[in-house]
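Using the working numbering, the first residue of the sequence shown is number 3, and each one after it goes up by one.
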Amino acid sequence: MPQSKPKRIAIIDTDRCRPDKSKYVCINVCPPQRAGVEVFTINEETKYPEINEELCIGCGLCVKYCPFKAIIIVNLPAPVEDEIVHRYGPNAFSLYRLPMPAPGQIVGLVGQNAIGKSTSLKILAGLLKPNLGNYEKPPDWDEIITRFRGTALQNFFSDLANGKIRVVYKPQYVDAIPRLVKGTVKEILNKYDEHGVSDEVAEELKLMNILDRDISKLSGGELQKLAIAVAIEKDADVYLFDEPSSYLDVLERMRIARVIRELASRKQKYVLVAEHDLAILDYISDVVNIYYGEPNAYGIVSKPHSVREGINIFLDGYIPDENVRFREIPIRFKLWATQEAIAEREFLVKHSEIIKEYPSFRLNIGPGELRKGEVIGIVGPNGIGKTTFVKILAGIIKPDNDAKLEGVENIVVSYKPQYLSEFIGDEEWLTVREKLEQVNKKILGDKWFKTYVYNPFRLGRIIDMPLDELSGGELQKVAIACALAKKADLYLLDEPSAYISAEDRFWIAKTIRTLAETSNVTILVVEHDIIVVDYIADRLLVFVGEPGREGKAIGPLNMFDGMNLFLKKLGITFRRDRHTGRPRINKPGSRLDREQKALGKYYYVS
C-alpha cells in the first residue's frame, strides 16, 4: 500500500508578525503567489497574512525572508494526520493525540516547551473543548466521544461532558495567583478545603510558618506549594499538575512528589503531571508520554511507556515502537573528572573564610579555591545563602569580615542573576539582538557562539523581539546567552534551568561544559535539578544550615563526596541507569535504598 503524502503545516506567529513593518515580504517572495496561485491571503480584520497549506509548496522562502521569524513550515508525519485533537485556528498550533488517564496511576508528560503539554492538560481539565482540527465548526460532545471510541478517553470524555467527573487543574504559572486570589495562606486553605485536610496538607508541605502571611507577600516557591495544597484539598476525580516543581529546591520537590504519589495510590484518583525535572518525573510517575514535534507549530503525544523506558527514550531521542527520531544526538551521562585531574588544574581564585550577616540571617563560607577549566555545582535548599555567595564573587555584595579573595581583582566576571527582572532591569524595550550586542558588539559573528549558543538556543526566531515580549523560557535563554557572550574568566550562573524544558536544559548544560573545557574558564552553577547537576559539574559546593536563619558552605568537594553529603541530608538515595547513566531516585524503603543507606553510599558512581 503506497504511503500517503505528508501533510504540510504552516504556522504564522501573530505575536511576532509585523505586516506594517515587513510590507508582506512573505507574500512577495512566494514563487506560486508570484505565478498567480493564491497561497497567501490577507485577513481583512487583523491584516495578518494567512497561508493555504494545500497550495504551499514548502520552498521555505517566506520562512527565510520574514524579518521577524514569524513563519514555520513543517511536514507532518503521515501516520498521525487523522489523529488531530485540537487546532487553535488557521496557521496556528495543532495537537495530535492525548495521554490516557488511568485511575491510581500517575501519568508523566515530558517534552519541550510550546509542544502541547499544557494544551493537553487544559483539554483533560475541561477548560478547552477539543475541536478535532475543525476550528471553524467545532464538533459537539457526541462527535468528540465517538472520535475516541474504543479507548479510555471515550468514557473519560463522556463522563466529563455529563458532569460525572470533577477535575482540578494546578496551572503552570503560579505567579499569577495573587492577581486572582486575595487573603492570607490560612484563609485560602480553609476556603478551598472540601474534605477537612487543610491542616494535614499544610503540615506535609511545610506551610505552617506562613499561614498568617498575605498571598501577595509569598515567594515563587511558597506560591507553588500553596497552589499544590489547594489542588490536593479539593474533592475531585482527576488531578492535573502543570510543572509542580518550579521554584522549589530538591527537598521541596521530593516532598510534593510524595504528596502527589499518595493522592494517586491511596485514593485511586486520575493524576497527570507535566514536569521538566527528569529525576522527579522518574520518581513520581508510573507511565510516561513523550511529546515531540515542532515547538509552536505542532505536538504529537507518544504512546504510553513504562517510566524507565519512557525517560530513556526521551534521552535517546528515538521512539522505537513508532520509528520516530525527534533528536539527532542522544543524551548520555559520563563520569566526572578525577580528584587527581582536578588537582593538576591551575588556580583561578582562592578565598579565606567569608562571613556575611543580615538582621535575621548569617552566612559562613569556609576557605576554598576555584580552578580553571572546571564547572562547580552549587546545591542546597532555598534561603540558605547560595545567591548571596555568588553575588559576593561577582562583586555585587561585600563580605562583612576581612575576607581575602586572591585573584578576583585580576579576572573578568560574567554573572547571570537568579531573577530575570534583574537581568532586564529598565531595558525591557531592547531587542534580543541589541541586548547581546550591548554585552559584546561582535558576538553574533563569533563562530563558537553561533555553534554552541545561538543555534541550539534557537535565538534566531526571537533575535529581533523586545525582551518584554518573550516567554519565561525564552528570556532565560537570552539571559544565559548574554552571560556567555561576555569574554570572562569566571562565569556565575544562578538557576539557569528555571523555566527551561528538559531537553533545552541538556543543550544548555552541554554548552556550559564545552565552554569550560575549550576555553579553560571557571563556571559556577546554582542548580536545583539533580540530573543537570550530575551532567554538568566536576565538583560540588554544598550549602547546609537552616533556611532563612543560617547558612554554611562545605567544599568544593569531589562529586561523589559532595552528592553523598547533600543526599544524606535529604534522606534519599540514587542509583544509575545502566542504559543512559542518568541518576535515578530509589523508592524510599526499597531494597536498594536500604542497602545504600546501610553502606553510607547515597550516591552511586556506577
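Glycine residues also receive a C-beta, built at the ideal position from the N, C-alpha and C atoms. Fair warning: this is a prediction, and the values are worked out from it, not measured in the lab.
Note down, in chain order, each residue of its chain lying with its Cβ closer than 8 Å to the Cβ of residue i, except the 5 sequence neighbours on either side.
i: R149; result: L134 and P141
i: E355; result: N366, I367, G368, P369, N403 and A405
i: N588; result: I574, T575, F576, R577, L594, D595 and Q598
i: L265; result: I234, Y241, K271 and V273
i: L191; result: S200, V203, A204, L209, L213, L228, A231, V232 and E235
Just mark residue i as buried or exposed, buried being the case when its beta carbon has 16 or more other beta carbons within 10 Å.
i: D496; result: buried
i: R36; result: exposed
i: Y421; result: exposed
i: D84; result: exposed
i: C64; result: buried
i: D144; result: exposed
i: C61; result: exposed
i: K25; result: exposed
i: N325; result: exposed
i: S200; result: buried
i: Q270; result: exposed
i: L601; result: exposed
i: T524; result: buried
i: R327; result: exposed
i: A281; result: buried
i: A345; result: exposed
i: K418; result: buried
i: D195; result: buried
i: D428; result: exposed
i: A557; result: Ala is not the amino acid found at residue 557; the sequence shown has Gly there. Buried, since its Cβ has 16 or more Cβ neighbours within 10 Å.
Do residue i and residue j have their CB atoms nearer than 8 Å?
i: F158; j: V381; result: no
i: V82; j: Y98; result: yes
i: L155; j: M102; result: yes
i: I292; j: S304; result: yes
i: L207; j: I258; result: yes
i: K184; j: L213; result: no
i: V275; j: I167; result: no
i: P306; j: N115; result: no
i: L432; j: L469; result: yes
i: L569; j: Y605; result: yes
i: V415; j: L517; result: no
i: A539; j: V273; result: no
i: D491; j: L395; result: no
i: Q174; j: S221; result: no
i: E218; j: G106; result: Glu is not the amino acid found at residue 218; the sequence shown has Ser there. No, Cβ-Cβ distance for S218 and G106 is not below 8 Å.
i: K358; j: P401; result: yes
i: L559; j: L542; result: yes
i: L242; j: K193; result: no
i: P549; j: P383; result: yes
i: Q478; j: Y454; result: no
i: I11; j: V76; result: yes
Could you give the C-beta distance for residue i and residue j, rounded to a whole number, given that I count them as a contact under 8 Å?
i: K388; j: R347; result: With 8 Å as the limit, K388 and R347 do not qualify as a contact, their Cβ atoms being about 23 Å apart.
i: K236; j: V170; result: 5 Å
i: I73; j: C28; result: 6 Å
i: G128; j: L162; result: 5 Å
i: L130; j: K124; result: 4 Å
i: I386; j: G547; result: 6 Å
i: L317; j: I333; result: 4 Å
i: G295; j: I302; result: 5 Å
Sorted by chain position, which residues of the same chain lie with C-beta nearer than 7 Å to residue i's C-beta, five sequence neighbours on each side aside?
i: V41; result: C32, P34, Q35, I53, N54, L57 and C58
i: S160; result: I147
i: D15; result: A72 and N298
i: F335; result: D536, Y537, T582, G583 and R584
i: M467; result: R18, T433 and V434
Tell me which residues share the same chain as residue i and place their Cβ nearer than 6 Å to its Cβ, disregarding the 5 neighbours each side in the sequence.
i: D216; result: T186
i: V203; result: A231, I234 and E235
i: E552; result: R364
i: H278; result: S503 and A504
i: I13; result: I74, N93 and A299
i: H530; result: D251 and V252
i: K393; result: I399
i: P4; result: Summary for P4: the model assigns pLDDT 38, below 50, so the residue's position carries little reliability; its value from the coordinates is reported in the next sentence. So no residue of the chain qualifies.
i: S592; result: none
Does the CB of residue i have a neighbour CB from chain C at under 8 Å?
i: G152; result: Looking for chain C here will not work: only one protein chain is present.
Less than 7 Å separating the Cβ of residue i from some heavy atom of the ligand SAH?
i: N366; result: This structure lacks the ligand SAH, and indeed carries no ligand of any kind.
Contact the region 505 to 513 vs the region 454 to 468: 3+ CB pairs below 8 Å: The region 505 to 513, when compared against the region 454 to 468, does touch it at the 8 Å Cβ threshold.
Meets three-Cβ-pair contact criterion under 8 Å: the region 431 to 438 and the region 482 to 490: Verdict: yes, contact present.
Three-pair Cβ contact test at 8 Å for the region 246 to 260 versus the region 220 to 227: Contact holds: three or more Cβ-Cβ distances are below 8 Å.
Validate contact between the region 284 to 298 and the region 105 to 112 using beta carbons, cut 8 Å, 3 pairs: With the cut-off at 8 Å, the region 284 to 298 and the region 105 to 112 touch.
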